[in-house]
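Under our numbering, the residue at position 3 of the sequence shown is numbered 129, and the numbers go up by one with no gaps. Take a look at the structure below.
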Amino acid sequence: MLWRIQIQSNNNHTEVETYLNEIEICKKYSPATNFVVLLSHRYGSRPTPSTIRRFLFELLLEIIRSNSNDDDAKLLSQWYQLDTNQIPAAYVLRSISSSFSNILSPVVFIEFD
């Protein structure tokens, strides 16, 4: 399934949601054995949560700031944006391309001095 996941899913942090939707499609259209998984690595990757409830996010920021980690708090605030349209309100992880515009380019050239 991994090779079917588009770059856009990675950019928008929807990989896990996409994987789970693919499993549901397998279950829907295959009456017998509908899904086989082959795992590698001990734990695999642990993606950053795409949404964090407002209360938990603000509590996390408070804890980070109380430990004099203002740079970490700024970084967290830079990547998550409050979405009040969700019920309950939540902070949503911004797309990677919002900070790194070249991430979706097929080739990135890096010049070294």
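Where is the CB? At the ideal position from N, CA and C, for every residue including glycine.
Asked, Found
"Stretch pair the region 179-193 + the region 140-157: three plus CB contacts closer than 8 Å", "no"
"Member of 209, 211, 216 and 203 whose CA lies at the smallest distance from the CA of residue 225", "203"
"Start-to-end residues for the beta strand (DSSP E) that takes in residue 218", "216-219"
"Of the residues 162, 198 and 208, the one placed nearest residue 216, counting alpha carbons only", "208"
"N-terminal and C-terminal residue of the beta strand (DSSP E) that residue 185 is part of", "Taken as a continuous stretch (DSSP letters only), residue 185 belongs to no beta strand (DSSP E), being part of the alpha helix (DSSP H) at 180-192."
"C-alpha distance - residue 149 paired with residue 161, whole-angstrom precision", "7 Å"
"Residues of its chain near residue 206, where Cβ-Cβ distance is below 8 Å and the 5 sequence neighbours each way are ignored", "178, 183, 217, 218, 219 and 220"
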